[in-house]
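**Q**
Numbering (this note's numbering), first residue to last: 2 to 557.
(1) Are residue 267 and residue 288 touching if we call contact CB-CB under 8 Å?
(2) Thinking C-beta only, is residue 65 closer than 8 Å to residue 362?
(3) Please state whether the Cβ-Cβ distance between residue 300 and residue 311 is less than 8 Å.
(4) From the DSSP output, in three-state form, read off residue 402 for me.
(5) Roughly how many angstroms lie between the CA atoms of residue 277 and residue 517, to the nearest whole one?
(6) Does the Cβ-Cβ distance between residue 239 and residue 140 come in under 8 Å?
(7) List the DSSP bridge partners of residue 554.
(8) Candidates 286, 307, 305 and 306: which alpha carbon is nearest residue 297's?
(9) Spatial neighbours of residue 484 within its chain, please: CB distance less than 6 Å, with the 5 preceding and 5 following residues excluded, ordered by chain position.
(10) Nearest to residue 466 by alpha carbon, out of 456, 48, 512 and 110?
(11) Using 10 angstroms around the beta-carbon of residue 537, count the other beta-carbons present and answer buried if the total reaches 16, otherwise exposed.
(12) Under DSSP, the alpha helix (DSSP H) around residue 11 begins and ends at which residues?
(13) Smallest Cα separation from residue 148: which of 114, 234 and 126?
(14) So, is residue 177 buried or exposed, given that buried needs 16 or more other C-beta atoms within 10 angstroms?
(15) Check this for me: beta carbons of residue 256 and residue 15, under 8 Å apart or not?
(16) Leaving out five residues on either side along the sequence, give the residues of the same chain with a beta carbon under 7 Å from the beta carbon of residue 530.
(17) Near residue 502, what residues of its chain come up, given a Cβ to Cβ distance below 8 Å and the 5 sequence neighbours on each side ignored?
(18) If the criterion is Cβ atoms closer than 8 Å, does the pair residue 464 and residue 372 meet it?
(19) Just list the beta strand (DSSP E) runs in the stretch 350–385, keeping only unbroken ones of 3 residues or longer that don't cross its boundaries, in chain order.
(20) In the structure shown, what three-state DSSP assignment does residue 204 receive?
(21) From this set, 151, 218, 157 and 162, which residue's C-alpha is nearest residue 185's C-alpha?
(22) I'd like the ranges of any alpha helix (DSSP H) spanning at least 4 consecutive residues and lying wholly in the stretch 266–354.
(23) Leaving out the 5 sequence neighbours to the left and right, which residues in its chain are closer than 7 Å to residue 500 when beta-carbon positions are compared?
(24) Identify, in the order they occur along the chain, each residue of the same chain with its Cβ nearer than 6 Å to the Cβ of residue 309, setting aside the five sequence neighbours on each side.
(25) The beta strand (DSSP E) with residue 463 in it runs from where to where?
(26) Pull the bridge partners of residue 233 from the DSSP assignment, please.
(27) How about residue 114 and residue 557: do their beta carbons lie closer than 8 Å?
(28) Applying the criterion that 16 or more other CB atoms from any shown protein chain within 10 Å of the CB defines a buried residue, is residue 121 buried or exposed?
(29) Which residue from 213, 453, 84 and 22 puts its Cα closest to that of residue 495?
(30) Please determine if the stretch 186–193 and the stretch 218–226 are in contact, where contact requires at least 3 C-beta pairs separated by less than 8 Å.
(31) Report yes if the C-beta distance between residue 134 and residue 249 is below 8 Å; otherwise report no.
(32) Spatial neighbours of residue 168 within its chain, please: C-beta separation below 6 Å, excluding the five flanking residues on both sides.
(33) Return the first residue and the last residue of the alpha helix (DSSP H) that residue 430 is part of.
(34) Based on the DSSP output, what are the partners of residue 259 in its beta bridges?
(35) Could you pull the DSSP bridge partners for residue 135 from this structure?
(36) Under 6 Å Cβ to Cβ from residue 553, same chain only, skipping five residues before and after it: list those, please.
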């Protein structure tokens with residue numbers, strides 16, 4: 002079979018103006034980035050608000066493994082399949098970050114015959130949204146340090162600056178730095194650090210904003226530091242809002258691209274789900290609901306991370322709710338959760354598969370507890386055996402849920418047609434009655450406890466002394482009614498990545514808490530989660546190249 006990039010380069014793309022026409026968007030409504038990419042102007046978004054909402058389909062997954070689950074591939078396949086069965090659908094996805102593209106995870110445009118194109122453009126810079134966010138974030142950092150150097154009228158304590166610089170790259174050497182070294186005119190010496198751009202609060206603000214005025218208000222509310230007498234300093238106190246908004250004026254507009262089969266795709270925003278809230282922008286999702294009968298979107302990593310944050314943060318903020326939830330699983334990943342080594346995953350092992358199935362069972366239970374009927378889909382691999390498929394089907398039947406095989410990777414929309422039909426069947430019943438995992442008026446620790454016990458299946462939460470004091474301070478500042486965004490490793494339901502399957506009796510340790518007052522949630526860090534990843538021993542960057550004719554190889 003061809004590589005992903007070979008498949009992408011061989012497809013016949015339509016001009017993006019023709020793709021837009023399918024969903025009622027005219028050429029005048031577009032801000033073109035070449036022939037195959039465009040942003041949708043705010044005027045078109047306003048016009049679409051009078052349209053009737055379609056049905057929202059969330060695609061999530063079991064806990065990810067090194068074997069790969071193919072959540073984005075499945076999402077794209079479903080979108081293509083809806084066209085195959087005569088339904089009007091649109092996909093809403095996140096944008097890729099350069100860090101994973103050159104690291105270990107790869108791009109985020111799907112795979113095989115279920116991809117979003119132009120794949121190489123999407124994975125490499127795209128329309129510049131993430132670069133704009135990087136610039137806005139680092140402009141604010143520069144203004145903070147300049148304010149201190151120029152006399153520090155606000156009384157900022159250099160030891161209490163909570164705003165970090167960012168870079169859209171995996172760079173462990175920048176996690177902790179000393180800035181201001183050199184001459185006196187080079188600034189105030191202090192400890193600082195970098196996060197990856199997708200962990201910046203600006204990414205969350207852009208994804209949760211609806212329009213330029215909402216964006217500016219959220220940017221202004223971001224807390225960047227504390228004074229010597231422990232009072233918060235916000236971005237608006239530094240008069241940074243207008244200049245940041247100017248840098249983000251295009252980044253807040255949803256991007257329009259297409260799949261290999263020319264299904265429209267809104268790709269906008271890219272927060273990671275293990276260190277941020279893991280969903281594409283509210284603007285793109287709500288626009289997708291207005292432009293098609295079905296809007297298929299995904300949330301990052303497993304249902305315990307992106308799925309939970311989609312339901313508890315994004316749905317509440319946007320006033321939306323899914324009509325169905327698709328849980329993606331693979332037999333390979335389930336066997337990995339049953340403690341099979343990666344090199345042995347191609348071999349049939351029903352016993353190990355059954356040991357790993359409880360991980361899927363926990364995610365099924367969680368979605369059901371939210372009042373939504375889940376649909377399990379097996380992302381198909383050629384190493385799957387009939388006995389293994391039967392074991393998964395029987396397991397899902399014991400939960401009263403459907404298990405549909407998906408071959409979107411190998412067959413595109415045709416390979417996901419059965420799954421699309423099942424989604425239509427489930428959503429036509431209109432039985433979904435979404436409810437979040439916790440109420441907003443609970444104390445912060447009670448919300449954390451609810452997620453740990455209800456979603457992860459743990460027995461309790463431990464707090465470092467620093468985290469307890471931080472939570473107490475956040476509540477004193479009046480932010481106790483915000484949702485919580487838990488930063489946790491993606492590989493396990495617990496905060497220990499080595500605990501696979503469905504661990505029980507564990508406790509989660511909260512090491513830090515901080516308020517993202519602009520985004521509108523409290524960030525809670527658990528375990529050893531880091532907001533600036535590092536590169537692996539053999540980065541994907543080592544295999545990426547371009548020849549004299551401009552042909553790119555090595556992207557996946």
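We treat Cβ as the ideally placed atom computed from N, Cα and C, and that holds for glycine.
Quantities reported herein were computed from a predicted structural model and do not represent experimental measurements.
**A** The relevant details are as follows:
(1) Taking 8 Å as the Cβ cut-off, residue 267 and residue 288 qualify as a contacting pair.
(2) At the C-beta level, residue 362 and residue 65 stay beyond 8 Å of one another.
(3) Residue 300 is a Cβ neighbour of residue 311, given a cutoff of 8 Å.
(4) In the three-state scheme derived from DSSP, where H, G and I count as helix and E and B as strand, residue 402 is classed as coil.
(5) The straight-line gap separating the alpha-carbon atoms of residue 277 and residue 517 is approximately 11 Å.
(6) Between residue 239 and residue 140, the CB-CB gap reaches or exceeds 8 Å.
(7) Looking at the DSSP output, residue 554 shares a beta bridge with 546.
(8) Checking every option, the nearest Cα to that of residue 297 belongs to 286.
(9) Excluding five sequence positions before and after residue 484, the CB atoms of its chain that fall closer than 6 Å to its own CB belong to 313, 314 and 522, given in chain order.
(10) Per the Cα distances, 512.
(11) By the neighbour-count definition (other C-beta atoms within 10 Å, threshold 16), residue 537 is an exposed residue.
(12) Its alpha helix (DSSP H) spans residues 5–11.
(13) Restricting attention to 114, 234 and 126, the CA atom closest to the CA of residue 148 is found in 234.
(14) Classification of residue 177: exposed, given that the 10 Å Cβ count is below 16.
(15) No, they are not a contact pair.
(16) Residues of the same chain with a CB within less than 7 Å of the CB of residue 530, apart from the 5 flanking positions on each side, are 275, 276, 488, 489 and 490 in chain order.
(17) 338, 339, 340, 356, 357, 359 and 360.
(18) The answer is no: Cβ separation not under 8 Å.
(19) For the stretch 350–385, the continuous beta strand (DSSP E) assignments of 3+ residues that do not extend past its boundaries occur at 375–380, in sequence order.
(20) Annotated three-state conformation of residue 204 is helix, per DSSP.
(21) Comparing Cα-Cα distances from residue 185 to each of 151, 218, 157 and 162, the minimum goes to 151.
(22) 283–292, 316–319 and 332–338, all fully within the stretch 266–354.
(23) Apart from sequence neighbours up to five positions away, the residues of its chain that approach residue 500 with a beta-carbon distance below 7 Å are 493 and 507, ordered along the chain.
(24) Same-chain partners within the cutoff: 456.
(25) Taken as a continuous stretch (DSSP letters only), the beta strand (DSSP E) holding residue 463 covers 461–464.
(26) BP columns for residue 233 point to 227.
(27) With contacts defined as CB atoms closer than 8 Å, residue 114 and residue 557 fail to qualify as a contacting pair.
(28) Under this definition residue 121 is a buried residue.
(29) Considering only alpha carbons, the answer is 453.
(30) Inter-segment contact for the stretch 186–193 and the stretch 218–226 is absent: fewer than three beta-carbon pairs are separated by less than 8 Å.
(31) It is a contact, given that the beta carbons lie within the stated cut-off.
(32) Cβ neighbours of residue 168 within its own chain (closer than 6 Å, five residues either side excluded): 195.
(33) From DSSP, the alpha helix (DSSP H) with residue 430 extends over 418–430.
(34) Answer is 118 and 265, bridged to residue 259.
(35) The secondary-structure analysis by DSSP pairs residue 135 with nothing; it has no beta-bridge partner.
(36) Answer for residue 553: 121 and 547, listed in chain order.
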